[in-house]
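**Q**
In the numbering used here, the protein residues as written are 1 to 430.
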């Protein structure tokens with residue numbers, strides 16, 4: 001439970017950055033959407049490279065606190081500092097200086113996130129070797145990820161709305177989120193001292209052979225591609241969300257808060273349902289159903305507008321919560337399955353490396369998603385502002401609508417095709 005509780009903090013970081021920060025840079029710092037998206041992509045590229053180093057380092061760490069917990073403790077401190085600094089006013093004027101400060105803060109924040117989340121993810125494979133046991137373990141983690149949705153995607157925009165949408169409101173929100181990060185991630189560090197941990201094997205393979213065996217783990221490679229597409233969808237919707245709520249359905253930050261609140265509450269409530277469904281069939285088949293539901297709900301945003309009733313708005317949020325929980329739970333429980341499959345093939349304990357690769361592709365998607373959104377908005381004439389109201393043109397509004405609906409739907413459909421065509425997990429390993 002303590003291990004899973006840490007997901008509240010790490011996932012809150014993702015939600016706040018993905019949902020709030022692109023919008024903040026464009027609407028409060030006056031940075032053009034394409035430049036803001038490029039800043040996000042640059043920081044994510046750094047983070048993706050750091051992931052691999054952290055994963056390799058945590059696998060090879062020997063300490064009285066174990067292989068994973070020293071990294072998690074460092075990540076807690078750095079993540080807290082980065083979140084507290086994220087929305088602070090720039091220390092210098094000029095677009096170059098402001099952009100440089102933002103990149104430095106994002107690097108600090110993402111380093112903390114990776115130092116915590118990669119070792120924590122690796123622990124999931126170590127704590128249980130049961131196919132169904134991993135589903136139960138990840139059900140608990142999925143629940144707390146949905147709690148993070150309440151915090152980072154609902155409470156954070158609500159706090160900004162209550163504060164009048166000012167820059168000061170963003171600063172206060174960032175400090176509160178930093179406290180959440182510190183408490184939840186710190187709790188995970190303190191409560192996992194007795195968690196089961198695998199021991200480094202003395203068995204070694206040449207570097208070339210290690211890469212070859214990793215590439216031979218087909219279930220893992222397909223899962224990487226599936227999650228990459230899914231994260232592209234999530235990142236695009238997160239980056240476009242506040243623009244969509246303000247400019248298309250005209251509900252503002254409060255609308256984003258209400259949507260995320262309903263989605264998270266329903267998602268938390270249906271964790272036991274998805275856990276029960278997982279016992280009835282193959283995880284990849286269940287994931288396909290969840291992704292299909294996500295694609296359909298994403299496309300439904302094309303019909304949304306200011307006159308849409310609250311009931312339809314809430315129903316869409318509820319369906320999103322149900323489907324998100326299913327897709328998330330299946331993918332999270334499939335990851336340790338594929339890592340354990342590697343151990344049976346090679347005799348190597350590479351949980352950290354595999355978790356780092358998984359995070360690498362997540363970071364790549366969260367770099368590309370906001371970049372695509374920012375580039376597409378700029379190409380269609382979306383105007384940046386520095387706190388002042390700007391009337392957007394028809395092309396800009398249509399661009400917001402497409403990045404919120406069609407782009408995510410296509411990405412989810414790509415995940416479905418990959419699972420149907422290529423994912424084959426040995427039944428003997430299930």
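Even glycine gets a Cβ: it sits at the ideal position worked out from N, Cα and C.
(1) Apply the 10 Å Cβ neighbour rule to residue 247 and answer buried if 16 or more other Cβ atoms are within range, or exposed otherwise.
(2) Between residue 234 and residue 228, what straight-line distance do the alpha-carbon atoms span, to the nearest angstrom?
(3) Who are the near neighbours of residue 108 in its chain, counting only those whose CB is closer than 8 Å to its CB and skipping five residues on each side?
(4) Using a 10 Å radius around the Cβ and a threshold of 16 neighbouring Cβ atoms, would you call residue 309 buried or exposed?
(5) Going by the beta-carbon positions, is the gap between residue 331 and residue 266 smaller than 9 Å?
(6) Compare the C-alpha of residue 161 against each of 256, 101, 321 and name the closest.
(7) The alpha helix (DSSP H) spanning residue 351 covers which residue range?
(8) Compare the Cα-Cα distances from residue 215 to each of 58, 357, 192 and report the closest residue.
(9) Sort 59, 35, 320 by Cα distance to residue 98 and report the nearest one.
(10) Do the CB positions of residue 149 and residue 11 come within less than 9 Å of each other?
(11) Which word fits residue 250, buried or exposed, when buried means at least 16 other C-beta atoms lie within 10 angstroms of its C-beta?
(12) Can you name the start and end residues of the alpha helix (DSSP H) that residue 166 belongs to?
(13) How is residue 433 classed by DSSP in three states: helix, strand or coil?
(14) So what does DSSP say about residue 425, is it helix, strand or coil?
(15) Look at residue 401 and residue 244 and say whether their C-beta atoms are less than 9 Å apart.
(16) With a CB to CB cut of under 6 Å and the five nearest residues on each side skipped, what residues in its chain are close to residue 158?
(17) So residue 187 and residue 2 are supposed to be a Cβ contact under 8 Å. How far apart are they, rounded?
(18) Is it a yes or a no for the segment 367 to 378 touching the segment 399 to 416, going by three-plus beta-carbon pairs under 8 Å?
(19) When burial is assigned at 16 or more other CB atoms within 10 Å of the CB, is residue 106 buried or exposed?
(20) Can you list, in chain order, the residues of its chain with a C-beta nearer than 6 Å to that of residue 25? Leave out the 5 residues immediately preceding and following it.
(21) Kindly indicate which residue of 338, 351, 74, 21 has the alpha-carbon position closest to the one of residue 431.
(22) Residues in the same chain with beta-carbon distance under 7 Å from residue 314, minus the five sequence neighbours each way, listed in chain order, please.
(23) I'd like to know if the segment 319 to 329 and the segment 264 to 278 are in contact, where contact means that at least 3 CB-CB pairs between them fall below 8 Å.
(24) Given residue 385, which residues of its chain have a CB within under 6 Å of its CB, disregarding the five upstream and five downstream residues?
(25) Are there three or more Cβ pairs, one per stretch, closer than 8 Å when the segment 178 to 185 is compared with the segment 291 to 306?
(26) Can you tell me whether residue 147 is buried or exposed? The criterion is at least 16 other CB atoms within 10 Å of its CB, across all chains shown.
(27) Out of 40, 391, 284, point me to the one whose CA is closest to residue 338's CA.
(28) Let me make sure I understand the geometry here. Which of 90, 55, 175, 409 has the alpha-carbon closest to that of residue 295?
(29) Can you find the residues in the same chain that come closer than 7 Å, C-beta to C-beta, to residue 238, ignoring five residues on each side of it along the sequence?
(30) Write down the C-beta distance between residue 40 and residue 22 rounded to the nearest angstrom, noting that I regard them as a contact closer than 8 Å.
(31) With a floor of 4 residues, list each alpha helix (DSSP H) that falls wholly inside the segment 243 to 308, ordered by position along the chain.
(32) State the Cα-Cα distance for the pair residue 52 and residue 369, rounded to the nearest angstrom.
(33) Looking at the secondary structure, which residues open and close the alpha helix (DSSP H) in which residue 39 lies?
(34) By the DSSP assignment, the alpha helix (DSSP H) with residue 8 in it spans what residues?
(35) Give the secondary structure of residue 147 by DSSP, where H, G and I count as helix, E and B as strand, and everything else as coil.
(36) The alpha helix (DSSP H) spanning residue 382 covers which residue range?
**A** Once the coordinates are examined:
(1) buried
(2) 10 Å
(3) 78, 81, 82, 85
(4) exposed
(5) no
(6) 256
(7) 351 to 379
(8) 357
(9) 35
(10) yes
(11) exposed
(12) Note, residue 166: premise wrong, no alpha helix (DSSP H); not H, not E.
(13) Past the edges of the chain, shown from 1 to 430, lies residue 433, and the structure says nothing about it.
(14) coil
(15) yes
(16) 257
(17) 6 Å
(18) yes
(19) buried
(20) 31, 36
(21) This structure cannot settle anything about residue 431, because the visible part of the chain is limited to 1 through 430.
(22) 262
(23) yes
(24) 27
(25) no
(26) buried
(27) 284
(28) 409
(29) 18, 19
(30) 6 Å
(31) 252 to 269, 271 to 278, 283 to 299
(32) 21 Å
(33) 33 to 60
(34) 2 to 15
(35) helix
(36) That residue, residue 382, is in no alpha helix (DSSP H); it is neither H nor E in DSSP.
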